[in-house]
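A.B. asks: Quick one: this structure, given as structure tokens, is what I'll be asking you about.
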Amino acid sequence: MLQKFSPDLVLDSIYELNIKKLQDNGIKGVITDLDNTLVAWNDQQVEEPLKNWFKTLKDAGFKVCILSNNSSGRVEEFAALAGVPAVSKAVKPRRGGFRRALEQMELDASETAVLGDQLFTDILGGNRTGLFTILVTPLSQNEFFGTRLVRQVEKILIRKLKKKGLLY
Ligand SMILES: [Mg+2]
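Numbering-wise, the sequence shown is residues 347 to 514 according to the working numbering.
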């Protein structure tokens, strides 16, 4: 059961992503969470480093899709600024949103990675879909109140995963 919450890789931030390494492992696309993964919660700015990050991925031939549980207005506006496709109201960890993102990118789960800051949505959903899952440290403490509650349970889960050697 715990295995489903175990990410394949843990990074401090999206900027640590090693594109070459992903390619060597047959990864051709990245599904990325939005809030607290790409930008702080509800931050609508697409700053230069983030623009460059998207460009680096695209230049390397990667397909990218934003996958967020947030509202369509928020997500679509951000996606337009970032110049990448997006799936909003994804209801992660359910698989439907992940599948829509894969369809959008025309990739199979086995050749796609997912980046996100939450075990209960991004990592659980990604593992259930068969993606390569990458956990990043949340960018800020500022979150939707529901998420703040989930974080309390997540803390316990993280402790358990570390104890079992499923999280480093
Ligand atoms: Mg998030």
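Ideal Cβ positions, reconstructed from N, Cα and C, are used throughout, including at glycine.
Am I right that cysteine 411 and alanine 432 are in contact with their C-beta atoms under 8 angstroms? What's the rounded C-beta distance?
C.D. replies: Position 65 of the sequence shown, counted from the first residue, corresponds to residue 411. Position 86 of the sequence shown, counted from the first residue, corresponds to residue 432. At roughly 7 angstroms, the Cβ-Cβ gap stays under 8 angstroms, so cysteine 411 and alanine 432 are in contact.
A.B. asks: The alpha helix (DSSP H) with isoleucine 504 in it runs from where to where?
C.D. replies: As a position in the sequence shown, residue 504 is number 158, starting the count at 1. Looking at the DSSP string, the run of the alpha helix (DSSP H) that includes isoleucine 504 is 491-509.
A.B. asks: Buried or exposed, going by whether 16 or more other CB atoms sit within 10 Å of the CB of glutamine 498?
C.D. replies: Position 152 of the sequence shown, counted from the first residue, corresponds to residue 498. Answer is exposed; the Cβ neighbour count stays below 16.
A.B. asks: Just to confirm, does asparagine 388 get its C-beta within under 7 angstroms of one of the non-hydrogen atoms of ligand 1?
C.D. replies: For the purposes of this step, residue 388 is taken as residue 42 along the sequence shown, with counting starting at 1. Result no, Cβ not under 7 angstroms from ligand 1.
A.B. asks: Going by beta-carbon coordinates alone, are leucine 481 and valine 356 separated by less than 8 angstroms?
C.D. replies: The sequence position of residue 481 within the sequence shown is 135, counting from 1. The sequence position of residue 356 within the sequence shown is 10, counting from 1. Going by C-beta atoms, leucine 481 is nearer than 8 angstroms to valine 356.
A.B. asks: By the DSSP assignment, the beta strand (DSSP E) with lysine 409 in it spans what residues?
C.D. replies: Here residue 409 corresponds to residue number 63 of the sequence shown, with the count starting at 1. 409-413 is the span of the beta strand (DSSP E), which, as asked, contains lysine 409.
A.B. asks: Which one of Thr458, Phe466, Leu396 has the shortest CA to CA distance from isoleucine 360?
C.D. replies: In the sequence shown, residue 360 corresponds to position 14, counting from 1. That would be Leu396, whose Cα lies nearest to the Cα of isoleucine 360.
A.B. asks: Taking the alpha-carbon of lysine 492 as reference, which of Phe466, Leu485, Leu513, Lys510 has the nearest alpha-carbon?
C.D. replies: Mapped onto the sequence shown, residue 492 falls at position 146. Correcting the residue identity first, residue 492 is glycine in this sequence and not lysine. Measuring from the Cα of glycine 492, the nearest candidate turns out to be Phe466.
A.B. asks: Within the continuous beta strand (DSSP E) that includes threonine 458, where are the two ends?
C.D. replies: Within the sequence shown, the letter at position 112 stands for residue 458. Counting along the chain, the beta strand (DSSP E) containing threonine 458 begins and ends at 458-462.
A.B. asks: Please specify which runs of the beta strand (DSSP E), each continuous and at least 3 residues long, are wholly inside the segment 387-434, giving them in chain order.
C.D. replies: DSSP runs (the beta strand (DSSP E)) wholly in the segment 387-434: 409-413.
A.B. asks: Per DSSP, which one or two residues make a beta bridge with phenylalanine 478?
C.D. replies: The count along the sequence shown starts at 1 and reaches residue 478 at position 132. Looking at the DSSP assignment, phenylalanine 478 forms a beta bridge with Ala459.
A.B. asks: Closest to phenylalanine 490 by C-alpha separation, out of Gly407, Asn415, Val376, would be which residue?
C.D. replies: Position 144 of the sequence shown, counting from 1, holds the residue named residue 490. Nearest option by C-alpha distance: Asn415.
A.B. asks: Going by Cα to Cα distance, which pick from Pro353, Lys366, Lys374, Asn364 is closest to threonine 458?
C.D. replies: For the purposes of this step, residue 458 is taken as residue 112 along the sequence shown, with counting starting at 1. Checked all of Pro353, Lys366, Lys374, Asn364; the closest Cα to threonine 458 is Lys374.
A.B. asks: With distances taken Cα to Cα, identify the nearest neighbour of phenylalanine 478 among Phe444, Glu500, Ala455, Leu448.
C.D. replies: Taking the first residue of the sequence shown as 1, we reach residue 478 at position 132. The option with the nearest alpha carbon to phenylalanine 478 is Ala455.
A.B. asks: Going by DSSP in three states, leucine 384 sits in which element: helix, strand or coil?
C.D. replies: Taking the sequence shown and counting its residues from 1, the one referred to as residue 384 is at position 38. Reduced to three states, the DSSP call for leucine 384 is coil.
A.B. asks: Count the other CB atoms within 10 Å of the CB of alanine 425; is the residue buried (16 or more) or exposed (fewer)?
C.D. replies: Counted from its first residue, the sequence shown places residue 425 at position 79. Classification for alanine 425: buried.
A.B. asks: Does any heavy atom of ligand 1 sit closer than 7 angstroms to the C-beta of asparagine 371?
C.D. replies: Position 25 of the sequence shown, counted from the start, is the residue given in the question as residue 371. No, since every heavy atom of ligand 1 falls outside the 7 angstroms radius drawn around the Cβ of asparagine 371.
A.B. asks: Is glutamine 464 near ligand 1, with its Cβ less than 7 angstroms from a heavy atom?
C.D. replies: Position 118 of the sequence shown, counting from 1, holds the residue named residue 464. Yes, the beta carbon of glutamine 464 sits closer than 7 angstroms to at least one heavy atom of ligand 1.
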